[in-house]
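In what follows, a structure is listed as structure tokens, so that the remarks can point back to it.
Residue numbers (this note's numbering), protein chains in the order written: chain A, 139 to 685; chain B, 8 to 329; chain C, -8 to 324.
Below, the structure is given as structure tokens:
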């Protein structure tokens, strides 16, 4: 599965760029960043069939009991910050070496010299990590260049899945260390925090049958359809839609001359209709591509009706996704789909000036009112790789450091990495919550976390009621989660199939906006099949048969 | 020719009519006729409209950069009506001294780069400016080719890395030091100079270096200023090479640092509630984006008038003097 | 309007500020021995060396990487090891019906902008030049260039907030019951939209080169022409425009060479709004079909073909310029 293409992942690279507001790199001569694949057609060489032998044992570890435990894999939550933190490491795991590490950054660049955060963490881990922080928005270009020049590859490289460069399968073999001997099975017991990471997540770190990466774990549900429950309440809307039809009616009702019901709900439409991320395995073992499914067609028809009835904000019709959040938070639209992480970010922005601001995700809806289907998201979205070396002690030291970095919520290690030094980067308020100082904004940016991170928990107690609302919603939604075909597998497609998708994406926008009719879908599917779709199907069929 | 003729207005024999109506513009050369009233009104109107079309969006950008989140939420985007004002975005960007150091880096790179590029380009342009000089056609061809055939990012990276320029400021200057476009512009102006003057100097025994330094350059201040401006703005705005070639964050130029503020608060694809957001006190989104836009332009605003002097002196000034 | 530049170029009685191509040169060149020419032009050749050196190293050496146009290239395997595929990549580019469509869109946009965008900075420069009060002139000049420094994202956002379906103009229209329109999502007016955006962003910046050209005019010429009884119209025709002519011709030729390149970022940002049908151009096609998939061979092959066509266009335009008696980029040999 090409990770960045997976629709459950939330945003395609392009939407992400627009979100970032920095547009697209302005030259066709520059490298691309979407996953493509190898030139070799043999699926055996690139298929990510993970033999369970290479996966680390899963040894869950609870330093503190969550108030909202995980249900069916949902994110666990903490209603309060534990007053006593556990110190997992008595002595620093590192043995004084210095490593270079390249990580992306979505935030203000911190100072490298005299940075108390770096100094404190490096002292605590017992090794010095020298960061080469790179602009997150152009990180794919940087990666493409650096990976092509083996000498320039730093000891530790963070690679977000949406930045995995084309033909990465050829790079990963020679450039990066095979971690299987260090972590597979019971070997992982030397690294208890890494053993605390679920098997599904590790499965996603397997390239070519070998454990190659360390994960930044994600959540099983990545996207939701949000609505402004505060405004709904004001207007006396209490009935939430339970079918696709009802949602359309609600949208029509919410739209008036000065306000529109929604942003572009294409992603929401695929959620409601349970459109598979990429393939569906039929009972007879054959594969159906998502665009060939009835669900896909229905979702597209539904979205086109939404646009046609005038419920979509004109700026969203103009495909301006950069300001989608601003439209939603300002109440210009009341329904919008977003990544689940967008929820608390909106609260962070809005609660300061508007304490009554509130948004909620709709409980999962099935188009026909039946049982909803949610497809499980990528178990990890950001991976880190260790440069291949003959010095196995060095690898072991780096893994020990990674284990420190993966210390879960409730440990002093977690607090240090995420909040910095108490009294310098944060003060503790009466809720026990770390309140960042001004210095934190300058010095403390997420860097270490991109090398290894514990499983996700929700401890955002600073937003009243948020943790409970979030965890109960996800615990409920988690019952509908299913594994999509080829779940958790790193499959690199031959890159001649890479261009199949763009015409489809264009068609989705065209049909939604009424520039083309749903009837054009059949022709587009035919074109897709004849210009490589059938071969792609065969490619995946071979992967499936090899399993 | 319509676009060209509008500004000057209808061609009335204006001389006898106008002087009584309005006082004579002291900047008008004696030989120039008074403009007709409709002509002047039309011109004023067009210019006012043009300025407004630029100033209004500019105003919303600046206003948004100093508005509070509440005001921006209310406006649902760029702010057009002033609400609460705050300098938080600017304070945040300028705190910590990183921007200051990056500004020094950018000024250094821009100065050295502009000097180098302009010098090399002027030399090259002059070297090609005499028709039929030795090898000038093949050399021109070599130049023009570079305008249409580019090297890919990866080969260029491998070259820069191979030359040991990674993490040096030269990596920000050398790869794009010569723009064939600018050389052609310079050459075009040099060729427009009256050949009689240079010919006279040559007969007096002056060599080409001397002719360039003593005659051609002083007569071409305007175009050299324009080309230097093109190069300067290019170096100042560039971030991509720095992103590729500079690993040491302490050596980042201003544009790259400013971009990092724009990215603050971005929701990562697929990121969930676990995504670290330590700097929750940070100003994010529109005000920071707009503040960055403003800060990036300020140095250009400062420098532009000095450069502008060189390419606007001309007809009118000369005429007043004469 | 189209004709303005060409008319200018042919105005035969214009005051000649540009040297005519020297017809006496060819015979001269054949008779003068290389050694003499070298001695005569040595310093000129030496002057071009620094630029040639820089271009040689930083443009030509990596340009050798374009060989991947004939390969199924992978940066991790390297050029030496990547398999050669002959003209496959070129065939794939040309064989796609979407490509021909993109070429058509590109040419339509270029053609439209050549007519409606290219002359604007010239007109604006002339207009500004006619403002007599220096304070006003400098002020206006210091304002109009500013949008050049805005990113395309911001420019598109600003247009959206002004002319979008929920924009300022529409708010006023609907408030007064005058109906509404949506300029931003209308494929039929897309050409107009992107050209307006380009004008707003870059026309003010584009004028400075023409101002530089205008500043080279000797004021004595104006005085002399007034003495000869020329009115302002005739002065513009015979003095001002001819001074602009060489640079206008040069820019026109270079723009033609760039005919296959139109606002990549601007178009990608608005692709969803109007659809690929009208917004797909060569660069976006190559981006989506090659670059983002790491199909380096495909992208490079497309780039090479573009380069060859651009070069031919420039050479052709240059020939045309010669036919009109202009110097252009090259001299007539």
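Heads up, the beta-carbon is just placed ideally off N, CA and C, and yes, glycines get one too.
Of the residues the options, the one placed nearest residue i, counting alpha carbons only
i: residue 31(C); options: 214(B), 270(B), 223(B); result: 214(B)
i: residue 519(A); options: 627(A), 602(A), 465(A), 293(A); result: 627(A)
i: residue 331(A); options: 458(A), 190(A), 201(A), 653(A); result: 201(A)
i: residue 313(A); options: 322(A), 339(A), 286(A); result: 286(A)
i: residue 150(C); options: 162(C), 184(C), 80(C), 118(C); result: 184(C)
i: residue 577(A); options: 104(B), 133(B), 116(B), 187(B); result: 104(B)
i: residue 370(A); options: 350(A), 391(A), 352(A); result: 391(A)
i: residue 272(C); options: 93(C), 26(C), 25(C), 65(C); result: 93(C)
i: residue 269(A); options: 544(A), 249(A), 383(A), 261(A); result: 249(A)
i: residue 639(A); options: 144(C), 281(C), 79(C), 116(C); result: 281(C)
i: residue 36(C); options: 116(B), 115(B), 146(B); result: 146(B)
i: residue 583(A); options: 212(A), 211(A), 254(A); result: 254(A)
Residues near residue i in its chain [Cβ-Cβ closer than 6 Å; skip 5 each side]
i: residue 322(B); result: Caution applies to residue 322(B), whose pLDDT of 37 falls short of 50 and renders its modelled position unreliable; the value that the coordinates give is listed next. There are no such residues.
i: residue 181(A); result: With a pLDDT of only 39 at residue 181(A), under the threshold of 50, the placement of this residue in the model should not be trusted, and no figure is reported.
i: residue 318(B); result: 229, 232, 233
i: residue 104(C); result: 186
i: residue 385(A); result: 379
i: residue 471(A); result: 398, 400, 401, 451, 465
Residue(s) in a DSSP beta bridge with residue i
i: residue 204(A); result: Its beta-bridge partners do not exist; DSSP assigns none.
i: residue 131(C); result: For residue 131(C), which the question treats as bridged, DSSP gives no partner whatsoever.
i: residue 236(A); result: 266(A)
i: residue 295(A); result: 240(A), 523(A)
i: residue 352(A); result: 522(A)
i: residue 543(A); result: None; residue 543(A) has no bridge partner.
i: residue 361(A); result: 477(A)
i: residue 24(C); result: Residue 24(C) pairs with nothing; no bridge assigned.
i: residue 272(A); result: 242(A)
i: residue 314(A); result: 525(A)
i: residue 345(A); result: 348(A)
i: residue 427(A); result: 417(A)
Own chain partners of residue i with C-beta closer than 8 Å, once the 5 adjacent residues on each side are dropped
i: residue 301(B); result: 68, 69, 72
i: residue 323(A); result: 191, 193, 194, 195
i: residue 235(A); result: 265, 266, 532, 535
i: residue 645(A); result: 654, 658, 659, 662
i: residue 164(B); result: 251, 252
i: residue 381(A); result: 503, 504, 505, 506, 507
Pair within 9 Å by beta-carbon distance, residue i and residue j
i: residue 681(A); j: residue 258(A); result: no
i: residue 234(B); j: residue 200(B); result: no
i: residue 162(B); j: residue 125(C); result: no
i: residue 243(A); j: residue 278(A); result: no
i: residue 413(A); j: residue 433(A); result: yes
i: residue 213(C); j: residue 36(B); result: yes
i: residue 317(A); j: residue 280(A); result: no
i: residue 485(A); j: residue 359(A); result: no
i: residue 158(B); j: residue 56(C); result: yes
i: residue 503(A); j: residue 608(A); result: no
Spatial neighbours of residue i in its chain, beta-carbon cut-off 7 Å, leaving aside the 5 residues before and after
i: residue 482(A); result: 598, 601, 604
Quick one: which residues of the segment 457 to 481 of chain A get their C-beta closer than 9 Å to a C-beta of chain B? List them in chain order.
461, 463, 464, 465, 467, 468, 469, 470, 476, 477, 478, 479, 480, 481
Name the residues in the segment 155 to 182 of chain C whose C-beta lies less than 9 Å from a C-beta of chain B; which are they?
157, 159
Taking a cut of 9 Å between CB atoms, which residues from the segment 101 to 122 of chain B lie near chain A?
102, 103, 104, 105, 108, 109
Short-range partners of chain A found in the segment 274 to 304 of chain C, where Cβ spacing is below 7 Å:
274, 277, 278, 279, 280, 282, 283, 284, 285, 286, 290, 294
Members of the segment 136 to 157 of chain C near chain A, C-beta cut-off 8 Å
142, 143, 144, 147, 148, 151, 155, 156, 157
Which residues, taken in chain order from the segment 71 to 93 of chain C, show a beta carbon closer than 8 Å to some beta carbon of chain F?
The structure shown has no chain F; the protein chains it does contain are A, B and C.
Interface residues of the segment 52 to 72 of chain C facing chain A [CB-CB below 7 Å]
63, 65, 66, 67, 68
Output, in sequence order along the chain, the residues in the segment 241 to 268 of chain B whose CB is closer than 8 Å to any CB in chain A.
246, 247, 250, 251, 254, 255, 256, 257, 259, 263, 264, 266, 267, 268
What are the residues in the segment 258 to 271 of chain C lying within 9 Å of chain A by C-beta distance?
259, 260, 261, 262, 263, 264, 265, 266, 267, 268, 271
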